[in-house]
Amino acid sequence: MDHKEVVLLFLLFLRSGQGVSLDGYVSTQGASLFSVTKKQVGAGSIADCAAKCEEETGFICRSFQYHSKEQQCVIMAENSKASSIIRMRDVILFEKRVYLSECRTGIGKNYRGTMSKTKSGVTCQRWSATSPHAPNYSPTTHPNEGLEENYCRNPDNDDKGPWCYTTDPDKRFDYCDIPECEEECMHCSGEKYEGKISKTMSGLDCQPWDSQSPHAHGYIPAKFPNKNLKMNYCRNPDGEPRPWCFTQDPNKRWEYCDIPRCTTPPPPSGPTYQCLKGRGENYRGTVSVTVSGKTCQRWSEQSPHEHNRTPENFPCKNLEENYCRNPDGETAPWCYTTDGEVRWEYCEIPSCDSSPELSDASVLPEQTPVVQECYQGNGQSYRGKSSTTITGKKCQSWTSMTPHQHQKTPEKFPNAGLEMNYCRNPDGDKGPWCFTTDPSVRWEYCNLRRCSETGGSGAESPTVPQVPNEQTTSEPDCMSGNGKDYRGKVAVTAAGTTCQEWAAQEPHRHSIFTPQTNPRAGLEKNYCRNPDGDVNGPWCYTMNPRKLYDYCDVPMCVSSSYECGKPQVEPKKCPGRVVGGCVANAHSWPWQVSLRTRFGGQHFCGGTLISPEWVLTAAHCLEKSSRPAFYKVVLGAHEEDIRGSDVQQIEVKNLFLEPTRADIALLKLTRPATINDKVIPACLPSPNYVVADRTLCYITGWGDTKGTFGAGLLKEAQLPVIENKVCNRYEYLNGRVRSTELCAGILAGGTDSCQGDSGGPLVCFEKDKYILQGVTSWGLGCAHPNKPGVYVRVSRFVSWIEGVMRDN
């Protein structure tokens, strides 16, 4: 569930005319707090629950959780700082932001954090204690000042901020070192700024982050849940020296904002390392030589290279001397060089991981076809590589505790296959799931189907519970998506309990989901339904008096036809360093086209099948001749040299160049391609869709391999998309990339499309299929450092593509 869906859920349960604000709460979908001090109360809405929390006098209510189907509210004294969180369906946990925050606003009058040491490191005395110092301020005399435990507080509005009585008999009180919250000022380079300034330095209004007008961009809030991209507020999602925003001026794409620096020291940044961990943002070693042996330029100097990565602009990044650092979120530490011809390079930093690094070849899976992934039973044996949830969210790594802390680690579940961030089922749930990378959604089920007889080798038939006294039919009883449109006749829960009729009030009384209140939800008899769009799928009230509701085990429908963007052989998706990359599994990219001359037949460009009769390629690939009969396409091939009966060779009937001279063209074939398990079209994107920055996408082709392995075989490579704002920086492509193009590449070099790959596909996986987002167009050399490849942005031309196909 993304941020918009959470807001919609809030609105669904707010009573008409009620305006209770939830801005002071942090919400987490699918999370339940283990609490000792709590109270269960009836509540018809989230707003009711919040009001009960605010009204509680028996204890300080720091959090509440709302169970929507039960219309139950649990208010609690604890929050996630003091208690553990467990995974639970159909629950939203709300925690008061003020009790989670460890920073202060203004003089810290409302600070309710847990700092309990003075700035000199002395432990604070409990406010209720009388020794070693008799207090003037105590929980009894000042009950509304948050004088709990021995936490730093400011009950007397002291201008110097929170303080406490100390446990040192010779020092009655002292101040605490509480950093300022980044609401009115910024620490460091404003990476965590959460204020509401929404004008640039020159006074231009900021464009909302969830808008693509007037400037299309890749910083999409739903794709960057950790970056706090709210409204049109100034933010710093990409490692700039300070917060910025896209502007409402069509002639000014973006500009910095004028955010004052905080006067207090920034919060601790966490541990630092003398070796490479992750992207190396906390590397503080003294390596000062690049991978090619060049000496690093001092960060404080502007010669031979002028730059803005200075100690003044990045005060928290330890830009000392000329040591390699990563101040702006690159993939590894780097530096400007003292060579005037080479602006910057990455540095070779020894890894903190003591285990030897595997070679590219050793980490690649065997080149055996893998049937489109599915799971058997409840998926506890699933060991595939899907890492996307049912709503399209990316899975959190099982070894990571960010953004969600948890107990499902490889050490505690050694036999559960908890590798990387792959979907798994370590606790015997109804299917594979994962923690998500969205802080507001703790976990979700994965976007996988249960294996069926049409699935593949070793697949099993799903067991569909039968409805008592109903005649079974030969029609499959299955659902698509989250089952909101499911109208089948399953009427028992996954646990085998018979469902209560939706119109009945026994054994459970309910009022929200009835045939009268939801006449279009298909609430017939006692059939499983999903009237509230629950991401977990169809459910029902049960005939068990002790169990209000439960979910039903309705299998996913499996299409008997070939769908766009869904290969029948699972791609390798190799993360290797088509220069670099790896040899693809045969027929795992079934939309790949080889464009050739009709006579002679040598491969010279790529293309993408987008429907049986149509191929998309680059306009510059057609410079050899304007005559359609000059060309033919080859489909279903794995080897560049045509072999096997699976290969289809079809001549071109007509050519269509994009009228504004963009590097994109359509080919109409003389006959439709035969769609089979080796030839399947890619899906077109939605018009004007923008791929989010850092999205991992895939290029394929038979182009020049520059001596790397796999010449003559179809190769693939995984590349991250680079937002145009970043790609157009001086050190990369220096303003050459247009809004109708996108960049993708590994800035260290070594992986790229090349001559012969032109016109071929850049596809990105979105939820359950591959979408054609780019047509390989141009680059400055092949796989050179700091020179990513450039691709025509297909979404900008969808209307033209569909119009040509419709009219011809």
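Using our numbering, read the sequence shown as starting at 20 and increasing by one per residue.
Here a beta-carbon is modelled for each residue, glycine too, at the ideal position from N, C-alpha and C.
Cα separation between residue i and residue j?
i	j	result
residue 788	residue 585	5 Å
residue 690	residue 669	7 Å
residue 590	residue 102	42 Å
residue 806	residue 739	13 Å
residue 825	residue 649	24 Å
residue 285	residue 393	47 Å
residue 276	residue 332	14 Å
residue 828	residue 55	No statement about residue 828 is possible, as the shown extent of the chain runs from 20 to 827 and does not include it.
residue 518	residue 784	37 Å
residue 222	residue 243	26 Å
residue 218	residue 227	11 Å
residue 817	residue 757	17 Å
residue 508	residue 501	16 Å
residue 675	residue 396	50 Å
residue 237	residue 51	33 Å
residue 458	residue 245	7 Å
residue 510	residue 545	6 Å
residue 264	residue 746	16 Å
residue 661	residue 646	24 Å
residue 200	residue 272	29 Å
Looking only at its own chain, which residues have a Cβ that is under 7 Å from the Cβ of residue i, when we skip the five neighbours before and after it?
i	result
residue 550	532, 537, 540, 542
residue 280	204, 205
residue 147	157, 158
residue 600	593, 734, 735, 736, 770
residue 629	635, 700, 701, 703, 791
residue 192	182, 183, 184, 185
residue 145	168, 169
Just to confirm, is the Cβ distance from residue i to residue j under 9 Å?
i	j	result
residue 687	residue 606	no
residue 732	residue 809	no
residue 657	residue 603	yes
residue 306	residue 343	yes
residue 253	residue 212	yes
residue 105	residue 85	no
residue 369	residue 315	no
residue 319	residue 329	yes
residue 258	residue 180	no
residue 444	residue 413	no
residue 93	residue 49	no
residue 99	residue 112	yes
residue 418	residue 429	yes
residue 609	residue 468	no
residue 415	residue 453	yes
residue 620	residue 643	no
residue 614	residue 717	no
Under three-state DSSP, which class holds residue i?
i	result
residue 4	Since the first residue shown for the chain is 20 and the last is 827, residue 4 is missing from the structure and cannot be characterised.
residue 695	strand
residue 553	coil
residue 116	helix
residue 65	helix
residue 826	helix
residue 817	helix
residue 243	coil
residue 192	strand
residue 673	strand
residue 638	helix
residue 746	helix
residue 780	strand
residue 658	strand
Please list, in chain order, all residues of the same chain as residue i whose beta carbon is under 8 Å from its beta carbon, the five residues on each side excluded.
i	result
residue 558	88, 512, 547, 548, 549, 568, 569, 570, 571
residue 666	653, 654, 655, 656
residue 353	309, 343, 344, 345, 363, 364, 365, 366
residue 197	121, 122, 123, 127, 130, 132, 134, 171, 180, 181, 283
For residue i, which residues of its own chain have a beta-carbon under 6 Å away from its beta-carbon, when the five flanking residues on both sides are left out?
i	result
residue 625	720, 776, 778, 779
residue 151	188
residue 398	444, 450, 451
residue 526	564
residue 711	237, 239, 242
Does the Cβ of residue i lie closer than 8 Å to at least one heavy atom of the ligand NAD?
i	result
residue 720	Absent from the structure shown: the ligand NAD. Ligands present: none.
On the premise that residue j lies in contact with residue i, defined as a C-beta separation below 8 Å, what is that separation, rounded to the nearest angstrom?
i	j	result
residue 214	residue 278	7 Å
residue 255	residue 209	5 Å
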